[in-house]
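Note sheet for the following structure.
Residue numbers (the numbering used here): 1368 to 1515.
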């Protein structure tokens, strides 16, 4: 076995029976935290971001040490694909005809869902106004929503 690895027998047995150094023990404990942070990020965080995560958790560690351990244990970041633009609206070619001809405007409310009326107060953030309200005069709406 020693011939295969190219080391002397004394070196092989010395290394085999040697205790782990303090740095190796710390690296093993740190690797568990690195793998946890790496998996929590869906394998998208590199050494810098993992360093920020570990420091936020109270572990004092440098980016280069994290980088070395990640490289040593094959933790590689998944790179995201770039978004490919597929629409070019700035062209001189004719636009395709609207074969569906759907009408998305409403004459009156359908009646299902929460009741919203011009007298119920101003709409809250995230509220979608019915399209038939667009025919209301702005003064009527403004007057209905004033308190006092």
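Heads up, the beta-carbon is just placed ideally off N, CA and C, and yes, glycines get one too.
Simplified DSSP assignment, three categories, for residue i
{"i": "residue 1438", "result": "helix"}
{"i": "residue 1377", "result": "helix"}
{"i": "residue 1421", "result": "helix"}
{"i": "residue 1410", "result": "coil"}
{"i": "residue 1450", "result": "coil"}
{"i": "residue 1443", "result": "coil"}
{"i": "residue 1370", "result": "helix"}
{"i": "residue 1383", "result": "helix"}
{"i": "residue 1397", "result": "helix"}
{"i": "residue 1468", "result": "coil"}
{"i": "residue 1415", "result": "helix"}
Any chain D beta carbon closer than 8 Å to residue i
{"i": "residue 1408", "result": "Within the model displayed, chain D is absent; a lone protein chain is all it includes."}
Selection from the options that minimises the alpha carbon distance to residue i
{"i": "residue 1433", "options": "1467, 1414, 1470 and 1456", "result": "1414"}
Pair within 8 Å by beta-carbon distance, residue i and residue j
{"i": "residue 1436", "j": "residue 1409", "result": "no"}
Evaluate contact between the region 1416-1434 and the region 1394-1405, counting only Cβ atoms and requiring at least three cross-stretch pairs below 8 Å. yes
Under 8 Å: do the region 1436-1443 and the region 1465-1475 share three or more Cβ pairs, one atom per stretch? no
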